[in-house]
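Just below is one structure, and these are the notes that go with it.
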Amino acid sequence: MKKYKVALVLLSMLLVIALVAGCGGKTGTSGDENKGGASGDTIKIGFMGALTGNEASYGIETLKGMKMAAEDLNKEGGVLGKKIEIVESDHGSKQTEAAAVVQKMISKDRVVAIVGDPTTGKTKLAAPICQQNKVVLLSAGAVGPGVVELGDYIFRDTLLDAVAAPAVTDYLVNKLGWKKVAIVTSTNNDYSVGLTKIFEEALAKHNAQIVDRESIQDGDQDFSAQVTRIKQARPDGIIFTGYYTEGGLFMKEVRKQGLDLKMAGGDGLLSPVLWKLGGDAVEGSMVYTGFAADPANAAPQTREFIKKYQAANDNKLPDMFSAQGYDAVMLLARAMKEANSTDPSKFKDALAKTRDYPGVSGTLTFLPNREPVKSPVYLLEVKNQQFSIKEALPTEVPKA
Amino acid sequence: MLLQQIINGLTLGATYALIALGYTMVYGIIQLINFAHGDIYMIGAFIGVAAVALFHQNFFLTLATAMLACVVLGMTIERVAYRPLRRAPRLNLLITTIGVSIFLETFMTVLKGPQPTGFPPVLKNVTLRVGTLEFSSIQLVILLVSVALMVGLQFIVKYTKIGKAMRAASEDYDTASLMGININRVISFTFAIGSALAAAGGVLVGIYFNSVSPYMGVTAGLKAFVAAVLGGIGNIPGAMLGGLLLGLAEVFGVAAGFSTYKDAIAFTLLIIILLVRPTGLLGRPIQRKV
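For the record, the sequence lines run as chains A and B.
To convert, note that position 163 of the first sequence is 167 in our numbering; the numbers rise steadily by one, no gaps.
To convert, note that position 242 of the second sequence is 249 in our numbering; the numbers rise steadily by one, no gaps.
Quick look at the structure:
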C-alpha cells in the first residue's frame with residue numbers, strides 16, 4: 005500500500021510539472037504569434053503541400069525550391085527590409101487534411117501568401133479559403149482548369165495543360181503518327197479528368213481517332229480488365245492522364261499482356277516512382293513538363309539555379325516542382341517590392357501585372373484573367389530509367 | 008476477350024480467396040472476425056520484398072520465407088493479443104483485432120514510409136499464347152500456387168489429426184476441449200495456417216501488381232472478408248468460391264465500363280447475397296440444440 009501512495013504522489017507531481025511546462029510553452033508561442041505576419045520583421049510565406057503520402061515527391065521538391073528562393077532573397081537583405089520566412093506544413097496527401105492546414109497557416113501563422121498546392125484538386129480546395137481571408141494563393145503546380153476563376157487572390161505559375169497538351173498532341177499525331185489513341189483517365193482525380201478533356205479536344209482538332217476510353221481510380225492496383233480492352237481496340241499509343249503511381253503500374257500491366265505500346269501524359273507522371281514501379285515497361289514513355297534541367301540550353305538564371313540546386317543536393321538535377329517553387333517565392337517578392345507593401349490586397353495587383361518574367365522555370369506572363377502562359381514545353385522520354393529531353397515544343401498563347 | 012477477362016478475374020479472385028480462407032477458419036473456430044488478417048497479408052508482401060531485395064532468394068524460397076515469418080507473426084499475435092481475452096465479451100476481442108491492424112499498418116509506415124514500393128523482379132514475365140488467348144506467366148503461377156495451397160489446406164483439414172481437431176472445435180468448442188482436444192493448440196494452428204495463406208497471397212499480389220504499401224491490407228482485407236461472407240463464413244470451400252466469384256464480378260464490372268464503381272461491386276454483391284441467402288452461398292443455417 006505504501007508503495008502505491010508514493011507512486012501516486014510522484015505521478016501527481018509529474019502531472020503538475022507537465023501542466024506548468026505546457027502552459028509555459030503556450031505563452032511562448034502566443035507571444036510569437038503577435039509578432040508574426042507582415043507586421044513583424046519577417047514576411048511569412050506558407051508552403052502547402054504533401055511531404056508524406058502519395059504526392060510527397062511533388063511537395064518535397066516545391067519546398068526545396070521555395071527555401072532556396074528565401075535564402076537568396078534574405079542574402080540580399082530580404083524584401084522591403086524584412087526577412088522572408090517559409091512556414092512549412094504537411095497534409096500527407098490527404099484531401100481532408102489540406103483544408104485544415106490552410107486554415108492553420110492563415111489564422112495561426114498569419115502568412116501573407118501561400119505557395120501551393122502542387123496538385124489541382126487541393127489547390128481548388130484551398131482557393132476559396134484563401135480568397136475569403138484575403139491571402140494570396142500561388143500554386144506552383146496546379147495545371148488543371150478552373151483554378152484562377154476561384155478569385156482574384158488566386159494565381160499559379162505553371163505551364164497550363166490547355167497550353168501544353170495541344171502542342172504535345174500535335175507532336176504525337178504529326179511526328180509520331182498516332183492516328184488511333186486510347187485515353188486512360190483516373191476518375192477520382194480532378195487533374196486527370198480535366199486533362200482528358202483537353203486532350204480529347206486537341207485530338208479532335210488534329211483528326212486523330214479515340215478508339216478506346218478507359219477509366220481507373222487513384223489507388224487502384226489491378227488494371228488487367230482495362231488493358232485487355234485496350235488490346236482489343238488496337239491503338240497506336242496510350243494517353244494516360246493520371247499520376248505516376250498508377251501510370252507505372254498500368255504500363256507494367258500493358259507489357260504483361262504482351263502489348264508494345266507507348267504512353268504519353270502530363271507532368272502528373274513526372275516522378276522517379278514511375279520507373280521504380282514500372283521498370284522496363286515505362287521505357288519510352290513520354291511526359292511533358294514546363295521545366296527540364298538542361299544546363300546546355302538553359303537561360304542564364306536557370307543555369308545558375310541548376311548549379312545552386314546541384315551544390316545543395318548531391319549533384320542531383322532540380323525538377324519542375326523545385327524550379328516553380330523557386331519562381332513562386334521570387335514572383336511574390338517581386339510583387340511586394342513593386343507594390344511597396346506586404347499587404348496581400350495591394351501586392352496581388354502588382355503580381356497580376358507580371359509580363360515576360362524571366363523565371364528559372366521559363367518565361368512567364370500573366371494573361372488578363374491571371375492565367376499564366378509559359379514557353380517552351382519540354383517533352384521528356386524515359387530512357388535507361390531517367391527522364392531525358394526528347395523535344396522542346398513551342399507554345400501558342402491561348403485566346404483569353 | 009471474354010476468356011481473357013475470365014483469366015484476369017480468376018487471378019484476382021484467387022488472391023482474395025487465399026486471404027478469405029484465414030478469415031473463415033478463424034471465424035469457424037472461435038467466432039472471431041480477425042480484422043488484422045489483411046495486415047498480415049501486407050506484412051507477408053513486405054517480407055517477400057525483403058527476401059528478394061536483401062537475400063536474392065528465388066520465387067519458391069521467397070514464398071516459403073514470407074509464409075514462415077507470418078506463421079510466427081500470426082501465432083504471436085494470437086498468443087499475445089487474443090488469447091488473454093478469449094473469455095472476455097466478444098466485442099472486446101473484435102476491437103483488439105482492429106487495434107492490432109492499426110498497429111501493424113503504422114509500424115510498416117514508420118519502417119518503410121507510406122509510398123508504395125515496387126517488388127524486385129523475381130519471376131520472369133513471359134506472355135503465353137494459346138490460340139488467340141494471351142496471358143502472362145505470372146497469372147499462371149498465381150493460379151497454380153493458389154490452387155496448390157487450397158488443395159493442401161483441404162488435405163490438412165480432411166485427413167490429418169489436427170484437421171480433425173479443427174473440425175471438432177468448429178462444431179463445438181467447449182465439448183471438443185472436454186473430449187481431450189488441446190484447444191489452444193488448435194487455435195494456434197488455425198492462426199498459423201491462415202497467416203501462411205495470407206502471406207502467400209501478399210507475395211503473389213506484390214509480384215502481380217508490382218506494388219507493396221503499408222495500407223494494401225485494408226481494401227484487400229475488406230474484400231476478402233466480403234468473399235468469406237459471400238461463400239458462407241466458417242466454410243472453407245465457401246471462402247474459395249466467394250473469392251473467385253468476387254474477383255470475376257469485379258473484373259467484369261470494370262470490363263463493362265463501371266471502373267468507378269469497382270469497390271462498390273463487392274459490397275453490392277454482399278448485400279444481394281445476404282438478402283437472398285443470409286448464410287452465404289455454401290453456409291448452413293446454424294442449429295443450436297438447447
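Note that beta-carbon positions come from the ideal geometry of N, C-alpha and C, so glycine has one too.
Does DSSP put residue i in a helix, a strand or coil?
i: K39 of chain A; result: In this predicted model, K39 of chain A has a pLDDT of only 38, less than 50, meaning its place in the structure is not dependable enough to derive any value.
i: L277 of chain B; result: helix
i: T286 of chain B; result: coil
i: T212 of chain A; result: It should be pointed out that residue 212 of chain A corresponds to Ala in this sequence rather than to Thr. Residue state, collapsed to three classes: coil.
i: Y247 of chain A; result: coil
i: E204 of chain A; result: helix
i: F53 of chain B; result: helix
i: Q38 of chain B; result: coil
i: F162 of chain B; result: helix
i: T146 of chain B; result: Looking at the sequence provided, one finds Gln at residue 146 of chain B rather than Thr. Note: Q146 of chain B maps to helix in three-state DSSP.
i: G26 of chain A; result: Interpretation of G26 of chain A is limited by its pLDDT of 46, a score under 50 that renders its predicted location unreliable; the figure taken from the coordinates is listed afterwards. Helix.
i: D353 of chain A; result: helix
i: P91 of chain B; result: helix
i: T56 of chain A; result: coil
i: G32 of chain A; result: Caution is warranted here: a pLDDT of 37 is assigned to G32 of chain A, below 50, making its placement in the model unreliable, and the coordinate value is therefore given only provisionally. In the structure shown, G32 of chain A sits in a helix (DSSP, three-state: H, G or I).
i: D270 of chain B; result: helix
Does any residue of chain D have a CB that is nearer than 8 angstroms to the CB of residue i?
i: L273 of chain A; result: Absent from the structure is chain D; the protein chains it does hold are A and B.
Using DSSP's beta-bridge definition, name the partner residues of residue i.
i: Y23 of chain B; result: Bridge partners of Y23 of chain B: none, in fact.
i: G366 of chain A; result: A:G363
i: V137 of chain B; result: B:L140
i: M267 of chain A; result: A:I242
i: K87 of chain A; result: A:T46
i: I220 of chain A; result: A:S190
i: V219 of chain B; result: B:T124
i: A396 of chain A; result: A:Y382
i: S143 of chain A; result: A:R160
i: Q136 of chain A; result: Partner(s): none; Q136 of chain A has no beta bridge.
i: K256 of chain A; result: Answer is none; K256 of chain A lacks a bridge partner.
i: F391 of chain A; result: A:V386
Measuring CB to CB, does residue i end up less than 8 angstroms from residue j?
i: G241 of chain A; j: V185 of chain A; result: yes
i: A442 of chain A; j: A206 of chain A; result: Examination of residue 442 of chain A is not possible in this model, given that chain A is present from 5 through 404 alone.
i: A227 of chain B; j: A73 of chain B; result: no
i: S202 of chain B; j: I47 of chain B; result: yes
i: N132 of chain B; j: I145 of chain B; result: yes
i: V116 of chain A; j: V91 of chain A; result: no
i: T245 of chain A; j: T200 of chain A; result: yes
i: L368 of chain A; j: V172 of chain A; result: no
i: S365 of chain A; j: G272 of chain A; result: no
i: F203 of chain A; j: F227 of chain A; result: no
i: R217 of chain A; j: I187 of chain A; result: yes
Got a sec, what are the start and stop residues for the alpha helix (DSSP H) residue i sits in?
i: A337 of chain A; result: M324 to A343
i: L67 of chain A; result: A60 to K79
i: E92 of chain A; result: Neither: E92 of chain A is in no alpha helix (DSSP H) and is coded neither H nor E.
i: Y175 of chain A; result: D165 to N178
i: K119 of chain B; result: R97 to K119
i: T46 of chain A; result: No alpha helix (DSSP H) holds T46 of chain A; the beta strand (DSSP E) holding it covers T46 to M52.
i: Q64 of chain B; result: Note, Q64 of chain B: premise wrong, no alpha helix (DSSP H); not H, not E.
i: R416 of chain A; result: Within the shown structure, residues of chain A are numbered from 5 to 404, placing residue 416 of chain A beyond reach of any answer.
i: I169 of chain B; result: K168 to E178
i: K109 of chain A; result: Lys is not the amino acid found at residue 109 of chain A; the sequence shown has Met there. Counting along the chain, the alpha helix (DSSP H) containing M109 of chain A begins and ends at Q99 to S111.
i: M247 of chain B; result: I243 to A262
i: A313 of chain A; result: Rather than Ala, the amino acid found at residue 313 of chain A in this sequence is Tyr. From DSSP, the alpha helix (DSSP H) with Y313 of chain A extends over P304 to A316.
i: G282 of chain A; result: V277 to G282
On the DSSP letters alone, give me the boundaries of the beta strand (DSSP E) that residue i sits inside.
i: K184 of chain A; result: K184 to S190
i: A117 of chain A; result: A117 to G120
i: P376 of chain A; result: P376 to S379
i: T293 of chain A; result: M290 to T293
Taking Cβ-Cβ distances below 7 angstroms as the criterion, which residues of the stretch 225 to 246 of chain A are in contact with chain B?
Listed by position, the residues of the stretch 225 to 246 of chain A near chain B (Cβ gap below 7 angstroms) are Q225, D226, S228, A229, Q230, T232, R233 and Q236.
Contact set between the stretch 104 to 126 of chain B and chain A, restricted to residues whose Cβ is under 7 angstroms from the partner:
Answer in chain order: P121, Q122, P123 and G125.
If you measure beta-carbon to beta-carbon, which residues of the stretch 162 to 188 of chain B are closer than 8 angstroms to chain A?
Along the stretch 162 to 188 of chain B, none of the residues has a CB nearer than 8 angstroms to a CB of chain A.
Please list, in chain order, the residues of the stretch 189 to 222 of chain B that have any C-beta partner in chain A closer than 7 angstroms.
Taking 7 angstroms as the upper bound on Cβ-Cβ separation, chain A lies near residues F216, N217 and S218 of the stretch 189 to 222 of chain B.
Please list, in chain order, the residues of the stretch 210 to 222 of chain A that have any C-beta partner in chain B closer than 8 angstroms.
E218, S219, I220 and Q221: these are the residues of the stretch 210 to 222 of chain A whose beta carbon lies less than 8 angstroms from some beta carbon of chain B, given in chain order.
Quick one, which residues of the stretch 51 to 75 of chain A are near chain B if we go by CB-CB under 9 angstroms, in chain order?
Those residues of the stretch 51 to 75 of chain A that come within reach of chain B (Cβ to Cβ, closer than 9 angstroms) are T56, G57, N58, A60 and S61.
Please identify, using Cβ separations under 7 angstroms, the residues of the stretch 247 to 265 of chain A that lie next to chain B, in order along the chain.
Interface annotation for the stretch 247 to 265 of chain A against chain B: T249, L253, K256, K260, Q261 and G262, criterion Cβ-Cβ distance under 7 angstroms.
Using a Cβ-Cβ cut-off of less than 9 angstroms, give me the residues of the stretch 188 to 203 of chain A that come near chain B, in sequence order.
Those residues of the stretch 188 to 203 of chain A that come within reach of chain B (Cβ to Cβ, closer than 9 angstroms) are T191 and N192.
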